Structure formats: structure tokens, C-alpha cells
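Asker:
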Amino acid sequence: MVGSIAAIGAGLAAIGAGIGIGQIGKGAVEGISRQPEAANDIRSSMIVAAAFVEAVALFAVVVALLGNG
Amino acid sequence: MYLNRFKSLLVVSLSLVAILFSTVVMANENVVVADTNKVAAATEAAVPHAAKEEGEFNVTETILEHIKDDHSWHLWGHTSIYLPVILHTSKGFEVFSSEKFMNEHHEPVVYHGNFDYKLVEGKTKVVNAAGEVDEEASKQLLDISITKNVASLFVSVLIILIVILSAANAYKKTGVTTAPKGIQSLMEPIVLFVRDELAIPNIGKKKYAKFMPFLLTVFFLILTNNFLGLIPFFPGGANVSGNIAFTMMLAVCVFIVVNLSANKNYWEHIFWMPGMHWSMKLFLAPIELIGVFTKPISLMIRLFANITAGHILVLSLICIIFIFKTVFASAIAVPFAVFIGVIELLVAFLQAYIFTMLTAMYIGMANEEHHHEHADAAHH
């Protein structure tokens, strides 16, 4: 086998973040379809929440990369 | 109301994207044009160090070399700005150009100053007569050089000063009676955005004004450094906001501001949570105390990880060309790099926004009014 276990770590982090961002998108779309007048508010909080989830994934990627080096 | 708010947010981000996108596109275009004309030129423009070593190509090493701090600032081809090295040793201060660390063939050499210095993996170390690193003497060395990151920070501070002071002077001259003109039109929506979207909702109408200078400083410093980091050539190109020391300093400032401005209510919630059984209070105190420190630490790591990961992503995509050793790989690599570059523009703004928002939130928590009073009174 060629490669390092850090790549697996990064992949696992991507799975977690994917689920998280998917949930956020689902929640936002549901919220907007129920209450279209709140769309703008929901959209901006969706972006912020997505950034938080992404940050967690990036922690993992950085740790994986540092562990690799 | 909300529509207007979102519109102003959109206008701010789009105008910033429009300004900075032009430079990124130009930079990427250079690569594309050069690719079709002359492969060698493109490789040198994109990854200058990789082009030199014809033999083995180490992706991780190349990427990390581009992300980390350096003593010289690469301009083009073999031209670099050599930044000054400033050292404090037991024999006093010493200043010399980092060019002295290399001979005319770009090979590392020993510089003979008060001690003998050599660059080892980007760090200045003291070496003995045989050319080996003297760890004991190296510990005495205080390196306060103007590195690439520091120089880039100077550039960004200069940009912020010019932009903000010219806008501020325009307000001083005409007051707020006329419509904004020139640079004011750029700055006013951003400042209003920070005030109306970040400061007032999180800190409250009564106290927000005191913290506005700090929030605006943090916001513009992160925003400017993020954008400068995305520019791949000279005035940008340094990885300032992806440097943990820079984000740590910001986090320390946030820590000081939050905890010095905190009122009695905040400390009571940390050490003696009201409305709880005494055993629970004892249990919660250490957890809340750790929370005081983890808040700024999470701010520090979030900004660092986001910006560093963005840079790594773009560099790895460019590295695809060198891994496959063919021009045609650029057909995939360059569009992807442009795509990620555009996403990074959003991230650059978003991270400045989130850092400022969380700072405002922490300040707001530390300054919260005592509104449990009525609830407590009702219970007793």
C-alpha cells in the first residue's frame, strides 16, 4: 500500500463536514419554503453556519496534513 | 428591512469581489497564456522553486515552502526582494540583508557576523567553526527580522491607512450632510455593515459605540490580509492571516478586550452560575473557566485553518501539473484553481465577518445586562 493514513483522516473529516453542510442546506431550504419572507435572514445565517462546519473540517485537514509531515 | 440589510451585504461583498477578482483573474490568466506560449515560463511563474529541481518533485515540501514565512519576497523569475535580518544576541543587535545567506549560485552559505549564522529550514541558527548548528548558542538568539509576513503586514496596514484616512478626511471636510463620494462609497457600506449587522445586534444599542473602533480594526485587518494573501504575486503572496502567530495576536487582543470590559454579571456566570444548586455551581465553574480561554483559541484556529487550507488547495491544484509532468494537466488544474480562487474570495470575506461577529458576540456576552433579576425574584 502506498500513501499515508493522514489521507484517510482528511477523507473522514470531509464525510463529517459533508453531512453537516447537507443538514444545513436541508434546514435552510425547508425553512425558506415554509416561510419565504424570511429567506434573506435564513440565507445569511445558513452561510455563517456552513462556515462553522467547514472550519471544523479544515481543522481536521490541517491536523491530517501536519501529522503527515 | 431585512431585504435592505441583505442587499447592503450583497453590495459590499460584490464590490469587493469585483475589485479583487480582477487581479486574481489576471494572475491566473498569466498562467494560461504562458501555458500556451511557453511551458517553461508558466512553470516558473506558478511554482518557481519546483521548476529548478528537475529530478524529484515533492508536493508536500513545495506547498509548505510556499505557505511558510520567508526571509526573501519573491518577485519574478530569479528576482527577489531580500528582507533585512535583525538579530539580538548577547553582543547586541545586528542587522544585515538576508542576501548574505546565499552566494551567487543561490546556495546556502554561512554569514560571519558577531557569530556565524546559517539558515536552517528557514530559521536563523548559530553555527560553529565546523559549520554545525550550535543549539545552545541558537537559543540565545532573538530573531526579530522583517520577514515576508511582516513586510506584507506593513503593506496591508499602509493600504488600510490610506483608504480609511482618505475616507475619514472626506467626512471631516463635508460632514455627513452630502452623499458619499469616491472612496467613501466603498467604505460607508462596509462600516455600516459592521455596525448594523455585527455590533448592534450582538452588543446592543447602548454599548456598541465603545467597541466599534476595535471591531472595525479587526475586520479590516483580517479582510485586507486575506485578500492580499489571495494575490499570487508581489504586493500579496504572503500567507499572513494563515500564520498562527498573526491569528494568535488577534485572539489575544480579543481575549483582553472581552475580559477587561466584562462586568460583574459575566464573572458571576463563570464562577458562581446563578439559579443552580451549589454542587452544580462547583461543577460548572471549571468548565466555564476553560470556556474563557477556548473562545479566543477557537477564533485563532478557525482563521488560521481556513486561510491555510485555502492556500494549500490552490497550490495542490497547481501542483497537479508538476505531478503529471505534462502541459495538458493544466487544462484541469487551472480552471479548478480559478474556481477555488473564487470560493476563497468568499471565504476571505466570510472569515473576516465571522471573526468580527464572534468577537462582537463575546463582547456582548461579557457586557450583558442583568436580566435574570425578575426571573429570580419570581422563583423566591
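Protein chains in written order, with the working numbering: chain A, 110 to 178; chain B, 1099 to 1478.
Glycine included, each C-beta is placed from N, C-alpha and C at the ideal position.
Note that the structure is predicted; figures quoted are calculated from it, not measured.
What ranges does the alpha helix (DSSP H) occupy inside the stretch 1341-1365 of chain B, keeping only unbroken runs of at least 4 residues that lie completely in it?
Answerer: 1342-1359
Asker: Return helix, strand or coil for Thr1245 (chain B), following the three-state DSSP convention.
Answerer: coil
Asker: Would you check if the distance between the CB atom of Asn1247 (chain B) and the CB atom of Val1338 (chain B) is smaller than 8 Å?
Answerer: yes
Asker: Could you tell me the distance, in whole angstroms, from the CA atom of Ile1416 (chain B) to the CA atom of Glu1163 (chain B)?
Answerer: For Ile1416 (chain B) and Glu1163 (chain B), the distance between alpha carbons rounds to 14 Å.
Asker: Is the beta carbon of Phe1318 (chain B) sitting closer than 8 Å to the one on Ile1258 (chain B)?
Answerer: yes
Asker: Taking all protein chains shown into account, decide if Ile1288 (chain B) is buried (16 or more other Cβ within 10 angstroms of its Cβ) or exposed.
Answerer: buried
Asker: At the level of alpha carbons, what is the spacing between Val171 (chain A) and Thr1276 (chain B)?
Answerer: 49 Å
Asker: Under 7 Å Cβ-Cβ, which residues of chain A neighbour Thr1406 (chain B)?
Answerer: Val171
Asker: Take every Cβ of the stretch 1451-1470 of chain B, pair it with every Cβ of the stretch 1307-1327 of chain B, and state whether three or more of those distances are shorter than 8 Å.
Answerer: yes
Asker: For Ile1388 (chain B), go through chain A and note every residue whose CB falls closer than 8 Å to its CB, in chain order.
Answerer: What Ile1388 (chain B) touches in chain A: nothing, since even the nearest Cβ is about 18 Å away.
Asker: When we look at the beta-carbon of Lys1223 (chain B) and count the other beta-carbons within 10 Å, is it buried (16 or more) or exposed?
Answerer: buried
Asker: Just list the residues that DSSP pairs Glu1192 (chain B) with in beta bridges.
Answerer: B:Leu1185
Asker: Does DSSP classify Asp1232 (chain B) as helix, strand or coil?
Answerer: The answer is coil: DSSP assigns Asp1232 (chain B) none of H, G, I, E or B.
Asker: For Glu1386 (chain B), collect the residues of the same chain with a Cβ closer than 6 Å to its Cβ; drop the 5 residues on either side in sequence, then sort them by chain order.
Answerer: Ile1368
Asker: Roughly how many angstroms lie between the CA atoms of Asn1267 (chain B) and Lys1279 (chain B), to the nearest whole one?
Answerer: 12 Å
Asker: List in chain order: all unbroken beta strand (DSSP E) runs of 3+ residues lying wholly within the stretch 1192-1221 of chain B.
Answerer: 1214-1218
Asker: Return yes when the Cβ of Val1207 (chain B) is within less than 8 Å of the Cβ of Ser1196 (chain B), no when it is not.
Answerer: no
Asker: Are the Cβ atoms of Asn1357 (chain B) and Gly1462 (chain B) separated by less than 8 Å?
Answerer: no
Asker: Quick check on Ile156 (chain A) - is its C-beta less than 8 Å from some C-beta in chain B?
Answerer: yes
Asker: Just checking: is the beta-carbon of Ile1418 (chain B) within a distance shorter than 8 Å of some beta-carbon in chain D?
Answerer: Protein chains in the displayed structure are A and B, and chain D is not among them.
Asker: State buried or exposed for Phe1391 (chain B), treating a residue as buried only when at least 16 other CB atoms are found within 10 Å of its CB.
Answerer: exposed
Asker: Of all the CB atoms in chain A, is at least one closer than 8 Å to the CB of Arg1293 (chain B)?
Answerer: no
Asker: Over what stretch of residues does the alpha helix (DSSP H) that includes Ser1428 (chain B) continue unbroken?
Answerer: Counting along the chain, the alpha helix (DSSP H) containing Ser1428 (chain B) begins and ends at 1428-1464.
Asker: Taking C-alpha atoms, which residue in B:Ala1227, B:Met1200, B:Phe1155, B:Ala1446 lies nearest to Phe1213 (chain B)?
Answerer: B:Ala1227
Asker: Nearest chain B C-beta to Leu167 (chain A) closer than 8 Å, yes or no?
Answerer: yes
Asker: Span of the alpha helix (DSSP H) holding Trp1376 (chain B)?
Answerer: Per DSSP, the continuous alpha helix (DSSP H) segment holding Trp1376 (chain B) begins and ends at 1376-1422.
Asker: Alpha carbon to alpha carbon, what distance is there between Leu1401 (chain B) and Ser130 (chain A)?
Answerer: Note on residue identity: the sequence assigns Ile, not Ser, to residue 130 (chain A). Straight-line Cα distance between these residues: approximately 19 Å.
Asker: Does any C-beta atom of chain B lie closer than 8 Å to the C-beta of Ala126 (chain A)?
Answerer: no
Asker: Grab me the residues of Asn1323 (chain B)'s own chain with a C-beta within less than 8 Å of its C-beta, minus the 5 sequence neighbours each way, in chain order.
Answerer: Ser1250, Leu1251, Ser1254, Val1338, Ser1339, Phe1344
Asker: Looking at C-alpha atoms only, which residue of B:Lys1423, B:Pro1394, B:Pro1333 is the closest neighbour of Trp1174 (chain B)?
Answerer: B:Pro1333
Asker: Taking 8 Å as the threshold (C-beta atoms), are Ala1446 (chain B) and Phe1325 (chain B) in contact?
Answerer: yes
Asker: Once the 5 residues before and after Asp1168 (chain B) are set aside, which same chain residues still bring their CB inside 7 Å of it?
Answerer: Gly1220, Thr1245, Lys1246
Asker: Can you tell which of B:Met1347, B:Thr1424, B:Leu1380, B:Phe1191 has the C-alpha that lies nearest to the C-alpha of Pro1394 (chain B)?
Answerer: B:Met1347
Asker: Note down, one range per segment and in chain order, each beta strand (DSSP E) of at least 3 residues found wholly within the stretch 1271-1331 of chain B.
Answerer: Entirely contained in the stretch 1271-1331 of chain B, not one beta strand (DSSP E) run reaches 3 residues.
Asker: Which of the three DSSP states is assigned to His1172 (chain B) in this structure?
Answerer: strand
Asker: Between A:Gly127, A:Ser154, A:Ile128, which lies nearest to Gly140 (chain A) when the distance is taken from Cα to Cα?
Answerer: A:Ser154
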